[in-house]
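Asks:
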Amino acid sequence: MSIDSSNPTRPKASWIDVVLTVFLGIVALFGSQLIAGFIISLYPLIRHWSVAQGNSWLTNSIFAQFIFVLLAETIAVGVIIFFLKKTKRGLSSIGLRRPAWTDPIFGLIGLPAYFVIYFVLVNIVIQLAPHLNVNEKQQIGFTGASGAGNIILTFIALVILPPIAEEIIFRGLIYSNLRKKMKMWLAAIITSLLFAAGHLPEGGSAGPLYIAAIDTFSLSLVLVYLREKTGGLYASMTLHALKNLIAFIALFALHQL
Numbered sequence: 001m002s003i004d005s006s007n008p009t010r011p012k013a014s015w016i017d018v019v020l021t022v023f024l025g026i027v028a029l030f031g032s033q034l035i036a037g038f039i040i041s042l043y044p045l046i047r048h049w050s051v052a053q054g055n056s057w058l059t060n061s062i063f064a065q066f067i068f069v070l071l072a073e074t075i076a077v078g079v080i081i082f083f084l085k086k087t088k089r090g091l092s093s094i095g096l097r098r099p100a101w102t103d104p105i106f107g108l109i110g111l112p113a114y115f116v117i118y119f120v121l122v123n124i125v126i127q128l129a130p131h132l133n134v135n136e137k138q139q140i141g142f143t144g145a146s147g148a149g150n151i152i153l154t155f156i157a158l159v160i161l162p163p164i165a166e167e168i169i170f171r172g173l174i175y176s177n178l179r180k181k182m183k184m185w186l187a188a189i190i191t192s193l194l195f196a197a198g199h200l201p202e203g204g205s206a207g208p209l210y211i212a213a214i215d216t217f218s219l220s221l222v223l224v225y226l227r228e229k230t231g232g233l234y235a236s237m238t239l240h241a242l243k244n245l246i247a248f249i250a251l252f253a254l255h256q257l
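Letter by letter, the sequence shown follows residues 1 to 257 in the numbering used here.
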């Protein structure tokens, strides 16, 4: 029986264990959104609102959208932490080790690398699929956010919460387990494809948002490298937050000036 060198008391992971763990990460991501959506939908029922009132609140209320994101990310991370504790793997097994002062520096350095990879991939895709709409807008919600309170909630929901939860799920749980059974480049591609696929629905009623998939695939390649380079998730969380911050400033903050 082989032993996992990262934890001498645990047998080395099998393919079944790796596949099930990766599946758990995906279920945690989408399942938490379904649960959060169900919980949020109870509020209009408690208030005895009409269907039209309830739908309007769920669609247009910045507070409702913030609570949805907060619940979804909290549930997803909670499921993963519960799983790690139950299986006695430890938080460090997915990169949640003690932060290092160099983590933010590595995250900052990764920003230009992401832009370069994204630029190259977009131009390759344009050459291969010239009819692809690369200007389609991402449906991220929080439309019309204005005022200090709403802007703060939007900032937390887009810049703070997703980088934490998504790094724990993808570069933490999923990549760390794939890496046990395959080379870095293959684990990186699979993780990045899963991450990109998770952002395809953000086109809303217009259909799959392929440009968002290209964007997040490019970002994930750098995030995976930072995970591998630093042995933790904090550098990748930093880069992820910086990338979202740029989008937040362009979409929301500049409109307040």
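For every residue, glycine included, the Cβ atom is placed at its ideal position computed from N, Cα and C.
Values in this document were obtained by computation on a predicted structure and should not be read as measured data.
Grab the span of the alpha helix (DSSP H) containing residue 15 for me, first residue to last.
Replies: First-last of the alpha helix (DSSP H) with residue 15: 15-46.
Asks: State yes or no: is the C-beta of residue 159 within less than 8 Å of the C-beta of residue 45?
Replies: No.
Asks: Could you tell me whether the stretch 186-193 touches the stretch 147-161, using the rule of 3 or more Cβ pairs below 8 Å?
Replies: The answer is no - the stretch 147-161 does not touch the stretch 186-193, with fewer than three Cβ pairs under 8 Å.
Asks: Roughly how far, in whole angstroms, is the beta-carbon of residue 167 from the beta-carbon of residue 233, given that I think they are within contact range, below 8 Å?
Replies: With 8 Å as the limit, residue 167 and residue 233 qualify as a contact, their Cβ atoms being about 5 Å apart.
Asks: Residue 14 to residue 87, Cα distance in whole Å?
Replies: Cα to Cα, the separation comes out at about 14 Å.
Asks: Taking only three categories from DSSP, how would you classify residue 61?
Replies: Coil at residue 61, not helix or strand.
Asks: What whole-angstrom Cβ distance do residue 24 and residue 83 have, given they're in contact under 8 Å?
Replies: At roughly 6 Å, the Cβ-Cβ gap stays under 8 Å, so residue 24 and residue 83 are in contact.
Asks: Closest by CA to residue 222, which one among 99, 212, 236, 213?
Replies: Nearest C-alpha to residue 222: 236.
Asks: Would residue 63 and residue 128 be called neighbours here (beta carbons separated by less than 8 Å)?
Replies: Not in contact: residue 63 and residue 128 (Cβ atoms no closer than 8 Å).
Asks: Taking Cβ to Cβ, would you say residue 195 is nearer than 8 Å to residue 220?
Replies: Yes, the pair counts as a contact, with Cβ atoms nearer than the cut-off.
Asks: Taking the alpha carbon of residue 217 as the reference point, which residue from 247, 117, 156 has its own alpha carbon closest?
Replies: For the residues 247, 117, 156, the minimum Cα distance to residue 217 belongs to 117.
Asks: With distance defined between alpha-carbon atoms, name the residue in 241, 249, 198 nearest to residue 31.
Replies: It is 198 whose Cα lies nearest to the Cα of residue 31.
Asks: Output the distance between the C-alpha atoms of residue 78 and residue 249, rounded to the nearest integer angstrom.
Replies: Using only the alpha carbons, I get a separation of about 29 Å.
Asks: Just tell me which of 210, 113, 94 has its CA closest to the CA of residue 134.
Replies: When only C-alpha atoms are compared, the closest one is 210.
Asks: What first and last residue would you give for the alpha helix (DSSP H) that runs through residue 127?
Replies: Taken as a continuous stretch (DSSP letters only), the alpha helix (DSSP H) holding residue 127 covers 103-128.
Asks: Using the Cα positions of residue 181 and residue 34, report the straight-line distance between them to the nearest angstrom.
Replies: Spanning the two alpha carbons is a distance of roughly 31 Å.
Asks: Please list the terminal residues of the continuous alpha helix (DSSP H) segment that includes residue 227.
Replies: Residues 210-230.
Asks: With a threshold of 16 other CB atoms inside 10 Å of the CB of residue 93, please say whether the residue is buried or exposed.
Replies: Buried: at least 16 other Cβ atoms inside 10 Å.
Asks: Looking only at its chain, what residues have a beta carbon closer than 7 Å to the beta carbon of residue 122, apart from the 5 residues adjacent to it on each side?
Replies: 134, 214, listed in sequence order.
Asks: Checking 8 Å against the spacing of the C-beta atoms, do residue 226 and residue 106 come in under that value?
Replies: For residue 226 and residue 106, yes; Cβs fall inside 8 Å.
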